[in-house]
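Colleague:
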Amino acid sequence: APLLLLLLLRSPASATRPAFAPLHATTNIAAASAAAEAGGGRSPRPLGMSSASSSSSSSSPAAADGGPASAALELGLYAPTPLVLSRPLTALTENRHPVYLKLDCLQASGSFKDRGMAHLCQVFKSRGRSKLISSSGGNAGLAVATVGKELGMKVDVVVPETTKELVIARLRGLGADVTVHGENWNAADELARERVSKDEAAEYVSPYDHELLWTGHSTVIDELAADAAFATGDVKIGAVIASVGGGGLVCGIFEGLERNGLNDVAVIAAETEGAASFGKAFVSGTKVRLDSIDSVATSLGALEVTDVALTRAKDHIGRGGTVKAAMCTDAEAVEACVKFASDHRLLVEPACGAALAAVYSDRVREEALGDLEEGSAVVVEVCGGSGVNLELMKMWSDRFLTNVDKE
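Using the numbering used here, read the sequence shown as starting at 15 and increasing by one per residue.
1) Cutting at 8 Å between CB atoms, please list the residues of its own chain near A44, excluding the five before and the five after it.
2) What does the alpha-carbon distance come out to for the pair A347 and Y222?
3) Are three or more beta carbon pairs between the region 354-369 and the region 304-316 nearer than 8 Å?
4) Find the nearest neighbour of T176 within the set L185, W199, K168, judged by alpha-carbon distance.
5) Quick check: what's the CA-CA separation for V254 versus P102?
6) Can you give, in chain order, each stretch of the beta strand (DSSP E) that sits fully within the region 84-119 and has at least 3 residues?
7) So is V297 buried or exposed if we call it buried at 16+ other beta carbons inside 10 Å?
8) DSSP has M341 in a bridge; who is on the other side?
9) For G401, does the count of other Cβ atoms within 10 angstroms reach 16, so buried, or fall short, so exposed?
10) Taking the continuous alpha helix (DSSP H) assigned at V210, which residues delimit it?
11) How many whole angstroms separate the CB atoms of G230 and A93, which I take to be in contact at a CB cut-off of 8 Å?
12) Can you name the start and end residues of the beta strand (DSSP E) that V173 belongs to?
13) Have a look at L324 and C265 and give me their C-alpha separation to the nearest angstrom.
14) DSSP state of I251, grouped into three classes?
15) Might you give, ordered along the chain, the residues of its own chain that have their beta carbon closer than 7 Å to the beta carbon of G293, omitting 5 neighbours on each side?
16) Assign A157 to buried or exposed, taking buried as 16 or more other Cβ atoms, counted over all protein chains shown, within 10 Å of its Cβ.
17) Below 6 Å CB to CB, which residues in the same chain sit around A216 once its five sequence neighbours on both sides are set aside?
18) Within the same chain, show all residues whose beta-carbon is closer than 6 Å to that of G54, passing over the 5 residues directly before and after it, in chain order.
19) Quick check: E395 and V234, are their CB atoms within less than 8 Å of each other?
20) For a minimum of 3 consecutive residues, which ranges assigned as the beta strand (DSSP E) are wholly contained in the region 335-384?
21) Given a cut-off of 8 Å on the beta-carbon distance, is the pair L87 and D241 in contact?
22) Kindly list the residues whose CB is nearer than 7 Å to the CB of K139, restricted to its own chain and excluding five residues on each side of it in sequence; keep chain order.
23) Taking all protein chains shown into account, decide if A245 is buried (16 or more other Cβ within 10 angstroms of its Cβ) or exposed.
24) So is D344 buried or exposed if we call it buried at 16+ other beta carbons inside 10 Å?
25) Would you mind sorting E349 into buried or exposed? The rule is 16 or more other CB atoms within 10 Å of its CB.
26) Which of the three DSSP states is assigned to I147 in this structure?
27) Alpha carbon to alpha carbon, how far is Q121 from L236? Give it in angstroms, no decimals.
28) Can you tell me where the alpha helix (DSSP H) with V234 in it begins and where it stops?
29) Per DSSP, which residues does E395 bridge with? Please list them.
30) Go to A323, then tell me how far its alpha helix (DSSP H) extends in each direction, as first and last residue.
31) Please classify N153 as buried or exposed, where buried requires at least 16 neighbouring CB atoms within 10 angstroms.
32) For D278, which residues from the same chain have a beta carbon less than 7 Å from its beta carbon, with the 5 sequence-adjacent residues on both sides left out?
33) Hey, quick one: how far does the alpha helix (DSSP H) through V158 stretch, first residue to last?
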């Protein structure tokens with residue numbers, strides 16, 4: 015109750031006008047039901063508003079022409095997600111940029127990870143694998159467990175000791191075997207790889223470092239490019255903001271931008287300062303391995319980013335694009351989560367808050383978007399995260415936002 019009161023007090027404007035401006039009608043129930051029956055009676059997954067006037071999977075760019083991850087999409091292993099115009103965030107730019115939210119927090123597992131895991135696991139299944147072993151701070155493991163269950167595959171997940179109990183419970187609720195091991199993701203990953211080496215039926219599933227994952231994640235850009243908001247060319251995408259942990263999502267974003275000819279779009283790679291493996295490497299021009307993760311955003315907890323993320327960043331710049339590293343404090347990430355919940359009634363992790371802070375924080379917004387062409391759109395990839403609930407949000411708020419009036 016105290017948190018709900020806080021959220022209401024933080025943004026009085028949200029009570030008087032809608033924060034979302036939906037772009038399209040929502041689900042085509044008949045089409046979804048027919049697809050479920052054709053697929054053996056499985057319940058349809060939630061469908062979004064982006065990509066076309068009908069939001070059944072057959073209307074998405076991937077399904078329309080047998081594009082990237084089309085088989086996973088047709089099986090319902092991930093869903094096209096809504097793209098909505100945010101009035102509160104647009105107002106923060108003094109209306110110089112329409113700010114859109116790509117709501118991958120609405121994927122079945124709670125995060126964008128479903129996209130890449132759906133494609134990767136479907137391919138592994140088609141190659142005859144029956145078991146998946148993954149290491150994860152939570153969200154990747156939940157996506158593997160969600161997709162693996164749909165595919166009828168056995169799933170083992172090794173998580174570090176920093177993993178929240180609610181995430182572990184959700185993993186086990188999905189039928190995954192869970193092992194807690196090591197003080198960070200890297201230690202958990204070593205054990206996962208060791209187990210794969212001893213099990214011929216198993217396939218190793220990286221949380222972020224595999225080309226099939228990147229291709230799955232790239233579908234978010236396909237949906238943006240095809241959306242009515244941008245397809246006509248009346249509104250230009252100026253920047254895409256995305257959180258970076260190990261680099262899988264941003265690798266997919268670079269891949270999707272290149273495939274769709276969006277080479278002049280700025281990519282804002284958002285991290286917290288205590289988990290900035292990409293930002294520190296990008297700024298220094300050489301790969302950096304962090305000594306430890308010192309951040310509330312534990313889902314960003316890879317000590318080093320994949321080399322491919324840095325290579326693709328340089329390639330994007332070479333094609334005429336811009337890449338910026340936006341590093342926020344833990345307090346700025348948490349404050350962005352709280353404000354987002356108040357403005358849009360959705361809960362996300364601080365890892366996702368890093369991307370939102372690139373607009374919510376005056377300091378970070380000026381650094382990230384200050385030189386963006388006026389009138390061009392900003393798209394925030396709301397990657398989500400399952401390690402959040404009201405109690406955790408209040409705990410983070412109490413810890414980091416001590417200067418905020420919470421009466």
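Even for Gly, the Cβ is constructed at its ideal location relative to N, Cα and C.
Quantities reported herein were computed from a predicted structural model and do not represent experimental measurements.
Modeller: Concretely, from the data shown:
1) Per-residue confidence for A44 stands at a pLDDT of 31, beneath the threshold of 50, marking its modelled position as unreliable; the derived number appears in the next sentence. Nothing meets the Cβ criterion.
2) For A347 and Y222, the gap between their C-alpha atoms comes out near 22 Å.
3) Between the region 354-369 and the region 304-316 there are three or more C-beta pairs closer than 8 Å, enough to call the two in contact.
4) For the residues L185, W199, K168, the minimum Cα distance to T176 belongs to W199.
5) Cα to Cα, V254 sits roughly 18 Å from P102.
6) Runs found: 97-100, 113-116.
7) Per the 10 Å Cβ criterion, exposed.
8) Looking at the DSSP output, M341 shares a beta bridge with E285.
9) Burial call: buried.
10) 199-211 is the span of the alpha helix (DSSP H), which, as asked, contains V210.
11) The C-beta separation of G230 from A93 comes to about 13 Å, leaving the pair out of contact by the 8 Å criterion.
12) First-last of the beta strand (DSSP E) with V173: 168-173.
13) When the Cα atoms are used, L324 and C265 turn out to be separated by approximately 9 Å.
14) Secondary structure at I251: strand, using DSSP grouped into helix, strand and coil.
15) Cβ within range, chain order: A283, E285, A339, M341.
16) Classification for A157: buried.
17) K145, I147, V210.
18) Bear in mind that the predicted position of G54 carries a pLDDT of just 38, short of 50, making it unreliable; the figure below should be weighed with that in mind. Around G54: no qualifying Cβ.
19) Contact flag set, yes.
20) Counting only runs that start and end inside the region 335-384, the beta strand (DSSP E) elements of at least 3 residues fall at 336-342.
21) Cβ atoms of L87 and D241: not closer than 8 Å.
22) If you ignore the 5 residues before and after K139, its C-beta comes within less than 7 Å of the C-beta of L165, M167, all in its own chain and listed in chain order.
23) Result: exposed.
24) For D344, the number of other beta carbons within 10 angstroms of its own is at least 16, and it is reported as buried.
25) By the neighbour-count criterion, in which a residue is buried when 16 or more other Cβ atoms sit within 10 angstroms of its Cβ, E349 is buried.
26) In this structure, I147 counts as strand in the three-state DSSP scheme.
27) The sequence given here has Asp at residue 236, not Leu. The straight-line gap from Cα to Cα measures roughly 16 Å.
28) Here the alpha helix (DSSP H) through V234 covers 233-240.
29) Note: E395 sits in a beta bridge opposite K116.
30) For A323, the enclosing alpha helix (DSSP H) begins and ends at 321-332.
31) Buried: at least 16 other Cβ atoms inside 10 Å.
32) Result list for D278: G334, G335, in chain order.
33) Element bounds for V158: 153-165.
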